[in-house]
Each structure stands twice: as structure tokens, then as C-alpha cells.
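**Q** Have a look at this one before I ask anything.
In my numbering, the protein residues as written are 4 to 851.
Okay, structure coming up:
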């Protein structure tokens, strides 16, 4: 069996005495004494499993526990089993590989390897016996599976035979022995005495005993037959056992609290009974809570969990060559699998408290949360466990909350994907800058997501695990769109679809001057952008939603009337209006005023709302509507700041990115900036992100093409427009805009002949019945004529354009015919005459 990595080692693999003292800290939660114990990775691998546990009891409690649970096939399942203890000769079952899922990933055990080989510890060498194969055919296991809403392909993890992870010589190395209460080194050799595995801490007087209290063959509660030790954690040894009362299934036993604290043992047994009722497919199953006499005769509580064979995310991460981290898409896919489990716990009023790579187990067929030992009720101050570098900083002040769990998810994602700096054996607070981490430089919105999830202010984090999952999925889709070149659209639950399109006709509308004689510009207009942008949706589960259902009227005046009636109905409700009503009705009124082009009235409502009733989770909607108001007021720079705040809150949404791109373009057109290239880069970047991710947002394709054309990247601009699908109503506009960009890509005398032929071919390929085809023909022929008059000649004397010889005479004849055709449809007499005069002036000379 291979040697495990440093990160796979147990809490008995803690740092040297100096490291332990340096890492120990104390936090205050309530007036009662807070005691923390730490265990850190070795000095040469400081990022290992640095953990601490905070417990509120008068006598103090152990910390740094690393615990876990497993699920697997029962011990008598056939195939590749290993016998661990003597069994009856008749009907004797054999062990089998299981599917591991660890409660809290045991220090020193990863589901595939043993704890690290330290002096006094050897790798297990358990005698095996041949598997008993049945005659039944078995299907080959799949080598990959899809996670993260089915978007990411992940290699499967092989199941693990539980016999292979039992330690042959369970000894805690001397350098890994620390007091469970104060965290100071104990049992170490000195010049005057040898090392000891049991005794009393010289610092706090707590007893310690690093010897296993359970041995192979012992039966706990008359039911669980111990097979051996799996690893040593902060609360003692973790044991593999067989449940002799239930089909000889594999189970795992671990201590609830350190055996030295009898009073705390009784409290913990009572507090943890509710965990047996937690049932979720992504949470390890707890079977039982039992007691067994300890070496001193006092009862020791154990939690009995299912056995699950697999590998933790820490193990998968450590298996990669240093300093390589996990791909962002893979890390997101794993985390998305456990967020529903967190949401489930939160729905029960529970916080998980200790999410980290060690506690996410990947099995053959699922991803599971392991170790419910740190689970606690919201805002409780009893047994609080966590890991430095992952735990939210406000925990001592607020207790466990949804926000504190969200923080641990963000930190877990950061550790999986970034080379996080460390100090004193723990990951440093904060998220590195993009200039330090190329991953963050490549994926701006992943960076924004990490910043919000780990915001020092709990009120500014994602409000729920479900919202976090939605935003994380949006970020995943954007990253996959970049990496695969395939769109990955997602229907937003927070925004409506775009109400219309903007910026699609500015280029081609210029050609309408040939028909009506009116001049047009190519500038984007703020009112068009504001009318097209998505609008925030009210949560259907909000108690105010039924009261405002009638206000969803397309005509804003009627909507305002309905909202006035809604206020009256809410006032007549028994018990008054819902708490959220004032916020929701005011936002709806502001939207109606914006649709009417009344930004001042909308801003008055929103400013008053921001000062009074808006909860932090809804602040982004206020910023959104204020941004639209400032667009209409042409205060583009402030509007950009508003939309940027929305993006910071919702990094996985398309809507704020489209709004930012359009606002940056408006700034370029209407404001003399000291750094115009910065705004052009913003517009290009955000348009590109939207278009790559969702080809249904056609405004982004036109905006991206405009920015690329401004940067002289004409070929890229045309490619963007060519990606507009034929089913889109803007398909013809996209094709015609591409033609105009080709014709204006350089001065006429510098144009490439191939460009002229390409433009002509594109005109011929326009959909039948396109009204602007004649206008485009005139422009192509006129450009070709100017090209010839500039002294350029076709490469071939037989060259053709629009199936006519590429000569000046034929070009003039073609232009004349098209101008006369346009004159016949001109709406005004004066312009009709002008077109006829122009046709006469340009026609080929004749001697007849």
C-alpha cells in the first residue's frame, strides 16, 4: 500500500510542540470559559488539517476533532472480502469493498490509505482470503460521471475494501501527542524521563491516554464488533466495526467527546440524538448513539455511522502535483453536489459548521457531507467546532448561522482552486488578488463569487445556500462556455428575460438614408438600453407576491393604478400587510416610473426605501433600479457603479453583465474619459461573456461586434455576428451589419479584393424578401467602383461581382439600376428626384 500524503495524516500527525503552542488561540463566545485545542499538519506541510474545536462548558472540552462516518456494503456481501476477526466456520461471511463516506475525514485515513507511517506505526497487513464469486454477470463500472447539474465530467472513484484501511499497529507518534483540553504537548520524552502514552497534562491537569480503548473482538453495546482502528482524531480513535445485529454491515464508531470529560459526555449524548433524524442523500447516515465503559469504568459515548468507501476532496487535491490545484469547473461541480445538503440542514435550523475539503467525500456514485459532529442549532453557544482558515470570523459573536456556513463554502472553493497563503499552520483570511492567482485573473466572476461568499460582513454574503448554488451554477456555465466554446444558457430565477433588444439596427439603419434621405448615426441610446434590460423578479414564495400579482401590467400607468389598489388591499388584510410588502410595492412603483421615463420619481422612491426598509439581501434590487434611473439621466458613470454593485452581489447572473457592457459603451460615446481604452475593454469583456454564455441575448453579439470593430478586429467582429442563429429575428440585421463592417474596415483604396467579393456574396445570401437588399447592393457596387477608380484592378480579367463583369462600366450600370429601383419606392418626391439624378450622374457613358 502506498505511503499517504501529508494532508492525509491524522490529528496525531500534529506539528511539533512549538508549532502547537503557536497555533493555539482562545475565543470568547459567552462569559463561560472557551477552550480551544488545535492540531496542525507537520511543519513541512503547513496546510494539512489544522482544526480547532470550541466548546462552552465549565470544565472545558476537547478540540481539533477530526471525525467521520462511512457507508458501505455489509460485511457478508460477496466479492473480494477480507476477514478481520475469527468467525464461525459455517456460513462465515466475507468482507467486501465498500463505498466509503467519512464522517469528518479521519486524520490519518482517506478511505484508500492508512495513516502516515511514523515510528511505531506500520502499514496494515491483514490476511485476506479469496473472494467468493457468484456466477452472475456483472456490468463494468462507468469510468466517468457528470456532476454540477450534469455539466462537468468527473472520473469515478473506485470503492475501497474496509479491511485495507485498518491499522495494524495503532500508535500515536510522540510528536503528535497533545492535550485534548489545552492543546499543549504531552507524553513527550525529556532528558530525565521516557515518553508516555498515558498520564496527566502538566499544564492543565487533564488526563490523557493515546492508547486505543477498544480492541479487535470487543463488542460495543453488545452489537458492534470492533475490527480495528482507522485513524486517530482530536477526540480519540476512530474504529471500524461490524454490526452483528443488522446483516453484519460495516459501520464506524467514533467518540462524541474526549473520554476524559465525563460530564460533557452526558451532555453531548443528549444533544446529538437529533442527528439520527437527519436524512439526506448527500449526508452520511447516523445509525446509533451508544455507550461503552472506558478504561476507568466511566461510560464513553460513541456515534455509530454508516461506512462509505471513497476519497475526500482533500485526498483528491493532495494527489495532484504541487503546486497544482483542482480545476475550477471540477471544484465547483463537487461543491454544487453538497450545497443542497447544507440547504436541507438550514431548513431544520441547523448549521454544519465545519465544511472543508476533508469533510466532503467522493464515493463511487455520489458526493457526501461527512462528520456531523460539528452540527449545531443556529445561534447556539454549546458545542461549537470548526477549523481555522475555514470558520467564519463572527462565530464567537453570533454563533452558527446560515452566513457562517456560506463562509465555509467560499473558503473551501478557494482552497480547492487557489494556492492560498498560510500562517501558523492555517490558511490566511481573505482571497488573494488576481495578479497573484492566474485562475482569478482568467475568471473574474469566480473571483467575485469568492469575495461575496467570504465577505467579512455576514449580511453581505449570499443569503441562502440555494441562492449561492444558483450563482455558482451561473459562474460554472460561464467558465464552461469559455473553455468549450459552446453556450451554456441558464434561466434566471431572479431576473426576467430581456424585454427587447438594443443596438441591433444602428449600423444598417444608416443605409435607410438611400431610401428616405434622412441622416442617421450609429450611437447607442440610453433609453433603448433601459427599455430592453431585464427587470428583477419578486420571489414567488414571498408573502407579498399574491398582493402584487395584478400589478404585472405591460402598460406602466395601469401598473401604477394596480399598485395603489394593492396598497389598499394590504391595509385591509387581517393582521396587516406582510413585512416585505412596503419593499416590494415600492420597487414595483419605481419600475413603473422608470418605464414611463420618469427617473426623478423613481429615484425619490428608491432613496426613501434605501434609508428605511430595505434588508441587505434585497439591496441589489435598489442598486439595479437606481442604475436604470441614472442611465435615463445620462449619468453613465454612476450607473456603471450601481450595476457593478449588482454584479458583485450576483456574479452568476447575465443581466448585470449586459447592463455594464452597455453602460461602458455609452460612457465611450458620450463622455470624454481619461482612459477610453479601459471602458472599451469593459464593454468588450462583458458583451463577450454574455454572448458566449447565452446566444439568445442577441444585443450582446451586436455590442461585441461594435467593440471589436472599433479595435480594428473586423474578422472577429464578423464572426460574432455570424453566430446569431438563423432562427433569430435579428439574423438578417446581423448579416447586413457584418457586410457594412467589411466595407468600412479600411479606406476604399486599401480594401482587399476578396473583401469586396465576400461582401457581394453575403448580400446575395440575404434572406429572400429582405427590404434592405437593394440598399446593400448599391453600397457594395459603389465601394467596388471607388476601388477601381483608386487605381486598383482585379487579379483576374474574368472577375465578376453580382454575376456581372468586375469592370467600371458594369459597376456603373448596376448602381444605376439599383438607384432607379430605390427611387420607385422612395416615400418623398424630392428624394425620389435626387435618386434619379444620382442614377443619371453615375450611369455608364453611351455614344448613342
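For every residue, glycine included, the Cβ atom is placed at its ideal position computed from N, Cα and C.
(1) Candidates 325, 310, 377: which alpha carbon is nearest residue 165's?
(2) Under 8 Å, with one C-beta from each stretch per pair, do the region 340-347 and the region 290-306 reach the 3-pair mark?
(3) Please report how far the alpha carbon of residue 432 lies from the alpha carbon of residue 420, in whole angstroms.
(4) Quick one: what does DSSP say residue 283 is sitting in, helix, strand or coil?
(5) Measuring CB to CB, does residue 240 end up less than 9 Å from residue 246?
(6) CA-CA distance, residue 206 and residue 185?
(7) For residue 811 versus residue 842, is the C-beta distance shorter than 9 Å?
(8) Which same chain residues, not among the five before or five after residue 214, have their C-beta less than 7 Å away from its C-beta?
(9) Alpha carbons only, please: which of 637, 638, 650 is nearest the one belonging to residue 627?
(10) Grab me the residues of residue 704's own chain with a C-beta within less than 7 Å of its C-beta, minus the 5 sequence neighbours each way, in chain order.
(11) Could you round the C-beta distance between residue 312 and residue 366 to whole angstroms and report it? I think they count as a contact, below 8 Å.
(12) Within 10 angstroms of its Cβ, does residue 277 collect 16 or more other Cβ (buried), or is it exposed?
(13) Measuring CA to CA, which of 188, 222, 217 is closest to residue 211?
(14) From residue 586 to residue 146, what does the alpha carbon distance come to, in whole angstroms?
(15) Do residue 372 and residue 286 have their C-beta atoms within less than 9 Å of each other?
(16) Can you give the Cα-Cα distance for residue 522 and residue 829, rounded to whole angstroms?
(17) For residue 720, does the count of other Cβ atoms within 10 angstroms reach 16, so buried, or fall short, so exposed?
(18) Here's a check: name, in chain order, each residue in its chain whose Cβ is nearer than 8 Å to the Cβ of residue 545, leaving out the five neighbours to either side.
(19) What residue does the alpha helix (DSSP H) around residue 257 start on, and which one ends it?
(20) Is it buried or exposed, residue 474, if we count other Cβ atoms within 10 angstroms and call 16 or more buried?
(21) Mark residue 218 as exposed unless 16 or more other C-beta atoms lie within 10 angstroms of its C-beta, in which case mark it buried.
(22) Is residue 710 helix, strand or coil when you go by DSSP?
(23) What are the boundary residues of the beta strand (DSSP E) that residue 156 is part of?
(24) Apart from the five residues just before and just after residue 807, which ones in its own chain have a Cβ nearer than 7 Å to its Cβ?
(25) From residue 633 to residue 332, what does the alpha carbon distance come to, in whole angstroms?
(26) On the three-state DSSP scale, how would you describe residue 556?
(27) Rounded to a whole number of angstroms, what is the C-alpha to C-alpha distance between residue 69 and residue 169?
(28) Identify the continuous alpha helix (DSSP H) that holds residue 667 and give its terminal residues.
(29) Within its chain, find whatever has a CB closer than 7 Å to the CB of residue 760; leave out the 5 residues flanking it on each side and keep chain order.
(30) Buried or exposed, going by whether 16 or more other CB atoms sit within 10 Å of the CB of residue 426?
(31) Please list the terminal residues of the continuous beta strand (DSSP E) segment that includes residue 304.
(32) Rounded to the nearest angstrom, how far is the Cβ of residue 479 from that of residue 154, given a contact under 8 Å?
(33) Residue 533 and residue 635 look like a contact to me (Cβ under 8 Å); what is the Cβ gap, rounded to whole Å?
(34) Using a Cβ distance threshold of 8 Å, determine whether the region 381-397 contacts the region 351-362, with at least three qualifying pairs required.
(35) Are residue 259 and residue 223 closer than 9 Å when you measure CB to CB?
(36) Starting from the C-beta of residue 221, find all residues in its chain whose C-beta is less than 6 Å away, skip the five residues before and the five after it, and write them out in chain order.
**A** Working from what's here:
(1) Of the listed residues, the one whose Cα sits closest to residue 165 is 310.
(2) no
(3) 15 Å
(4) coil
(5) Their beta carbons are not under 9 Å apart, which means residue 240 does not touch residue 246 by this criterion.
(6) 8 Å
(7) No. Outside cutoff.
(8) 200, 201
(9) That would be 650, whose Cα lies nearest to the Cα of residue 627.
(10) 694, 723, 724, 726, 727, 737
(11) 7 Å
(12) Residue environment for residue 277: exposed (fewer than 16 other C-beta atoms within 10 angstroms of its C-beta).
(13) 188
(14) 51 Å
(15) Residue 286 is positioned such that its CB atom lies closer than 9 Å to that of residue 372.
(16) 15 Å
(17) buried
(18) 581, 583, 587
(19) First-last for residue 257: 252-258, but that is the beta strand (DSSP E), not the alpha helix (DSSP H).
(20) buried
(21) exposed
(22) Residue 710 sits in a helix when the DSSP states are folded into three classes.
(23) 155-158
(24) 813, 817
(25) 36 Å
(26) Residue state for residue 556 is assigned as coil, using DSSP reduced to three classes.
(27) Low per-residue confidence applies at residue 69: pLDDT is 39, beneath 50, and the placement is therefore not dependable enough to give any value.
(28) 658-673
(29) 804
(30) Classification of residue 426: exposed, given that the 10 Å Cβ count is below 16.
(31) 302-309
(32) Contact between residue 479 and residue 154 holds: CB atoms are separated by about 6 Å, below the 8 Å threshold.
(33) 6 Å
(34) yes
(35) no
(36) 229
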